[in-house]
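Throughout, this note's numbering is defined as the position within the sequence shown, counted from one, plus 39.
Yeah, the Cβ is synthetic: ideal placement off N, Cα and C, and Gly gets one too.
Report on one structure; see the data block that follows.
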Amino acid sequence: MTPHLEEKLQALLDREAIREVMYAYCRGIDRGDEAALRSAYWEDGTDQHGAYNGSASGFIEKALKSRSSGLRMIHQVSNISIVLEGRHAAVESYFQAFQYDTDPATGRLRETFLCGRYADRFEKRGEEWRVAARTVIYDWMKEAPAPEGDEATRFGVRAPQGAMKPDDAWYQLLREAPFAK
Numbered sequence: 040m041t042p043h044l045e046e047k048l049q050a051l052l053d054r055e056a057i058r059e060v061m062y063a064y065c066r067g068i069d070r071g072d073e074a075a076l077r078s079a080y081w082e083d084g085t086d087q088h089g090a091y092n093g094s095a096s097g098f099i100e101k102a103l104k105s106r107s108s109g110l111r112m113i114h115q116v117s118n119i120s121i122v123l124e125g126r127h128a129a130v131e132s133y134f135q136a137f138q139y140d141t142d143p144a145t146g147r148l149r150e151t152f153l154c155g156r157y158a159d160r161f162e163k164r165g166e167e168w169r170v171a172a173r174t175v176i177y178d179w180m181k182e183a184p185a186p187e188g189d190e191a192t193r194f195g196v197r198a199p200q201g202a203m204k205p206d207d208a209w210y211q212l213l214r215e216a217p218f219a220k
């Protein structure tokens, strides 16, 4: 293999590793999966996330506390642009976040649809890529009151519904052979 081809192959491997970090973050935030969330950031990482601006660890603790209610949330990332520069990468990822939570001002359930971008500085330490610094850029937001009726009525026969770790069907799959460790 030529040095140029090796360099291109390594760039592909690095880009895929960065994408996997983004997916782990989404699963972690949506399912309250602390290990997945922590795997996305370096221990000394930072996060500027709306009103929160501080350590990634502090953001994770805050997010897990808010996720303990078990209300629904789902994040999707797309349009992931990765600029590699040695062991550093500038990564822009578009996101859509659907949240079903309680409005702190009124105490009522609400739905929030957010769109924006994560502007991340990734670093590769050893053979692992993680977020060293994140800035969340908000481009769109729409809030609405939650629909009437309980979730069992609204979902009807659509089962299983998403759940928090370890109850979600994804974690059940991982407990089965050949994935169980």
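Does DSSP classify Ser107 as helix, strand or coil?
As a position in the sequence shown, residue 107 is number 68, starting the count at 1. Three-state result, Ser107: coil.
Go to Phe137, then tell me how far its beta strand (DSSP E) extends in each direction, as first and last residue.
One-based indexing of the sequence shown puts residue 137 at position 98. Looking at the DSSP string, the run of the beta strand (DSSP E) that includes Phe137 is 127-141.
With Lys163 as the anchor, note down where its alpha helix (DSSP H) starts and where it stops.
Here residue 163 is taken as the residue at index 124 of the sequence shown, counted from 1. No alpha helix (DSSP H) contains Lys163, which is instead part of the beta strand (DSSP E) from 148-164.
Apply the 10 Å Cβ neighbour rule to Asp1 and answer buried if 16 or more other Cβ atoms are within range, or exposed otherwise.
Since the displayed the chain opens at 40 and closes at 220, residue 1 lies outside it and no answer follows.
Could you work out which residue in Leu103, Phe161, Leu123 is closest to Ala50 when comparing CA atoms only?
By one-based count along the sequence shown, residue 50 stands at place 11. Nearest of Leu103, Phe161, Leu123 to Ala50, Cα basis: Leu123.
Within the segment 48-98, note down every full beta strand (DSSP E) run reaching 3 residues or more, in order along the chain.
With a minimum length of 3 residues, the continuous beta strand (DSSP E) runs that stay inside the segment 48-98 are 80-88, 91-94.
Taking the alpha-carbon of Tyr64 as reference, which of Met112, Ala90, Met40, Thr41 has the nearest alpha-carbon?
On the sequence shown, position 25 is the one that residue 64 refers to. The residue with the shortest Cα to Cα distance from Tyr64 is Met112.
When you compare the CB positions of Ser107 and Tyr133, do they come within less than 8 Å of one another, or not?
Against the sequence shown, residue 107 aligns to sequence position 68. Against the sequence shown, residue 133 aligns to sequence position 94. Cβ distance not < 8 Å, so Ser107 and Tyr133 don't count as in contact.
Looking at the secondary structure, which residues open and close the alpha helix (DSSP H) in which Gln211 lies?
Mapped onto the sequence shown, residue 211 falls at position 172. Counting along the chain, the alpha helix (DSSP H) containing Gln211 begins and ends at 208-213.
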